[in-house]
Amino acid sequence: MSDLNLESELFEKIVWTLIRRPQLNRLEFQRPVQVAKAETEKKGASVQVQLVQLVQMIGRDEHNNKIEFAVKHTPGGDCPEEGDELHVSWEIMTQGSHPVPYFSLQDIGTWSNWELVLRIGLKVLWKSVKMNMWHCKYLQSPPGTKTMDKRRSGALANYAWGAAIYAYLMRSTWPEVESFVPRMGLAHVVEVRLNHFEQRVVCTPIPEPLAKLEGPRYQFRFTVARAKELRTTEGDVTQRLQNVDASWQSLDFEWALGKLSGADLEIAKTRIHCDHCWLQWNSPIGYGGPPSCERMKDKDGNETNRCRECFLKGIPCSWTREDHLGGPGHLTKIPGRTGQGSRDLSGEFHNLLMKSLVTQPEQKNATETVPIPDPEFMKTSEMNQGTRGEPGGLEIEEVAVGGWMRGHWK
Ligand SMILES: [Zn+2]
Ligand SMILES: [Zn+2]
Numbered sequence: 001m002s003d004l005n006l007e008s009e010l011f012e013k014i015v016w017t018l019i020r021r022p023q024l025n026r027l028e029f030q031r032p033v034q035v036a037k038a039e040t041e042k043k044g045a046s047v048q049v050q051l052v053q054l055v056q057m058i059g060r061d062e063h064n065n066k067i068e069f070a071v072k073h074t075p076g077g078d079c080p081e082e083g084d085e086l087h088v089s090w091e092i093m094t095q096g097s098h099p100v101p102y103f104s105l106q107d108i109g110t111w112s113n114w115e116l117v118l119r120i121g122l123k124v125l126w127k128s129v130k131m132n133m134w135h136c137k138y139l140q141s142p143p144g145t146k147t148m149d150k151r152r153s154g155a156l157a158n159y160a161w162g163a164a165i166y167a168y169l170m171r172s173t174w175p176e177v178e179s180f181v182p183r184m185g186l187a188h189v190v191e192v193r194l195n196h197f198e199q200r201v202v203c204t205p206i207p208e209p210l211a212k213l214e215g216p217r218y219q220f221r222f223t224v225a226r227a228k229e230l231r232t233t234e235g236d237v238t239q240r241l242q243n244v245d246a247s248w249q250s251l252d253f254e255w256a257l258g259k260l261s262g263a264d265l266e267i268a269k270t271r272i273h274c275d276h277c278w279l280q281w282n283s284p285i286g287y288g289g290p291p292s293c294e295r296m297k298d299k300d301g302n303e304t305n306r307c308r309e310c311f312l313k314g315i316p317c318s319w320t321r322e323d324h325l326g327g328p329g330h331l332t333k334i335p336g337r338t339g340q341g342s343r344d345l346s347g348e349f350h351n352l353l354m355k356s357l358v359t360q361p362e363q364k365n366a367t368e369t370v371p372i373p374d375p376e377f378m379k380t381s382e383m384n385q386g387t388r389g390e391p392g393g394l395e396i397e398e399v400a401v402g403g404w405m406r407g408h409w410k
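Quick note on numbering: the sequence shown equals residues 1 to 410 in full-length UniProt numbering.
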């Protein structure tokens with residue numbers, strides 16, 4: 001247990017600056033300024049420069065599942081270089097998902113605090129020494145089924161680290177402890193407010209929790225109900241998932257009989273994957289190779305109605321006619337990657353299913369590097385220690401204060 005308590009080793013010296021941005025419904029936690037350090041890693045023929053200690057959470061790997069908040073340097077100058085001034089902030093929405101969620105999870109999850117993990121964003125600002133210019137971007141973690149505990153449903157690394165970071169920054173703990181969620185202690189947080197009238201910065205240490213947390217509770221029945229509610233309407237046709245959490249491979253191909261013929265019909269009939277796995281593999285916004293869609297057994301060795309991927313993600317399998325999963329155009333061409341003249345999946349129902357069951361869409365407009373005007377970071381040693389004298393024992397000489405006040409980044 002103490003192995004998972006990272007506080008003493010990794011967090012004791014970090015003081016996070018909290019800036020409230022009610023106009024954007026978010027709390028922003030800025031880490032003190034860093035100078036990007038580079039570590040070179042050879043990957044095949046190419047050399048990648050990894051900027052380490054981005055948020056000082058690298059290098060712990062209890063279950064071969066370390067999370068790396070590192071920015072990989074790629075040619076083209078869209079990442080910080082060694083020696084650049086680096087500012088990292090976690091953003092937590094006070095309502096709704098972050099527009100660029102850092103943790104690439106599907107919307108529907110089986111833990112009651114899933115939605116809170118999707119409120120978290122990670123923003124990086126840096127000043128290029130070479131170009132003497134400021135840049136900004138949001139990061140998104142790699143999607144997939146990397147898990148903290150393969151025997152537990154919904155124990156994805158992306159979820160567990162998100163739940164841990166949420167509690168850490170909000171200076172609180174989850175009352176219902178799950179062994180696969182790391183515990184990181186409580187962040188040292190100093191709230192910074194600008195008093196424009198007096199041209200003064202007021203810094204107040206936060207001794208209290210920023211939120212009261214509940215759960216996390218495992219709620220698979222609720223997850224099934226949410227999956228059944230997913231629907232879109234195109235013209236007078238309502239599309240929804242079929243056979244949610246039903247018997248294994250509840251597929252029939254009646255829909256294809258009047259529409260497809262010859263090789264296309266034969267190909268359609270070869271489908272064995274559940275909706276999640278079929279979408280993940282066939283969609284142009286899926287994240288990789290063909291999933292096995294291997295049927296799971298329970299601990300007594302009995303077959304279940306779920307595949308391994310859906311079990312790990314904490315969602316039910318469902319078995320829906322392909323022409324609906326594939327979006328508009330199903331009357332003329334077979335959807336997916338196989339078949340002569342097959343076509344890309346698209347459309348409202350497809351997009352809804354991808355976000356709900358597979359992963360967050362990549363927000364290219366925010367994860368690409370944007371040049372920005374000098375955000376005018378300030379430093380201050382002016383401290384209002386408050387009445388509680390927290391955080392105890394920390395010597396705060398200077399707090400880097402974000403001057404990111406122009407509101408041009410939404
Ligand atoms: Zn599957
Ligand atoms: Zn499945």
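Quick reminder that beta carbons are idealized off the backbone N, C-alpha and C, glycines included.
| Item | Value |
| --- | --- |
| Outcome for residue 186 when other beta-carbon atoms lying within 10 angstroms are tallied against a minimum of 16 | buried |
| Exercise answer, beta-carbon shell around ligand 1 heavy atoms below 7 angstroms | 273, 274, 276, 277, 291, 293, 307, 309, 310 and 317 |
| Inter-residue spacing [alpha-carbon to alpha-carbon] between residue 146 and residue 210 | 30 angstroms |
| Residue 354, DSSP secondary structure in three states | helix |
| Reference residue 318, options 116, 14, 228 and 140, closest by Cα | 228 |
| Straight-line Cα distance separating residue 306 from residue 420 | Not covered by the structure: residue 420. The range shown for the chain is 1 to 410. |
| The segment 247-254 / the segment 282-290 touching (three or more Cβ pairs under 8 angstroms) | no |
| Alpha carbon of residue 25 to alpha carbon of residue 248, nearest angstrom | 43 angstroms |
| Chain-order list of residues whose beta-carbon lies under 8 angstroms from that of residue 354 (same chain, five-residue window excluded) | 279, 283, 285, 286 and 361 |
| Minimum length 3: unbroken beta strand (DSSP E) runs contained in the segment 262-344 | 295-297 and 303-307 |
| Residues that DSSP places opposite residue 170 in a beta bridge | DSSP, once it has assigned bridges, lists no residue as partnering residue 170. |
| Residue 182 versus residue 114: straight-line alpha-carbon distance, rounded | 15 angstroms |
| Bridge partner(s) assigned by DSSP for residue 233 | 238 |
| First and last residue of the uninterrupted alpha helix (DSSP H) at residue 364 | 364-367 |
| Per DSSP, cross-strand counterpart(s) of residue 138 | 123 |
| Alpha-carbon spacing of residue 372 relative to residue 137, whole angstroms | 10 angstroms |
| Residue 18 - containing beta strand (DSSP E), residue span | 15-21 |
| Where residue 197 sits in the DSSP three-state scheme | coil |
| Residues bridged to residue 90 (per DSSP) | 29 and 122 |
| Same chain, Cβ closer than 6 angstroms to residue 374, five either side skipped, listed in chain order | 134 |
| Close Cβ partners of residue 239 (< 6 angstroms) along its chain, the five nearest in sequence each way excluded | 232, 324 and 349 |
| Residue 111 - DSSP class collapsed to helix/strand/coil | strand |
| Closest residue to residue 420 among 327, 107 and 201 (Cα-Cα distance) | Residue 420 lies beyond the stretch modelled for the chain, which goes from 1 to 410, so this question has no answer here. |
| DSSP three-state assignment for residue 24, whether helix, strand or coil | helix |
| CB of residue 276 within 8 angstroms of CB of residue 357, strictly | yes |
| Proximity winner among 172, 179 and 151, relative to residue 160 (alpha-carbon distances) | 179 |
| Any 3 or more C-beta pairs closer than 8 angstroms across the segment 119-134 and the segment 89-104 | yes |
| Residue 159 in three-state terms, based on DSSP | helix |
| Inter-residue spacing [alpha-carbon to alpha-carbon] between residue 148 and residue 30 | 27 angstroms |
| For residue 371, the residue or residues it bridges with in DSSP | 135 |
| Inter-residue spacing [alpha-carbon to alpha-carbon] between residue 117 and residue 158 | 9 angstroms |
| Residue burial classification, residue 131 (beta-carbon count within 10 angstroms, cutoff 16) | exposed |
| Reference residue 344, options 243, 193 and 281, closest by Cα | 281 |
| Beta-carbon separation (whole angstroms), residue 216 vs residue 112, contact threshold 8 angstroms | 5 angstroms |
| Residue 104 and residue 140 closer than 8 angstroms at C-beta | yes |
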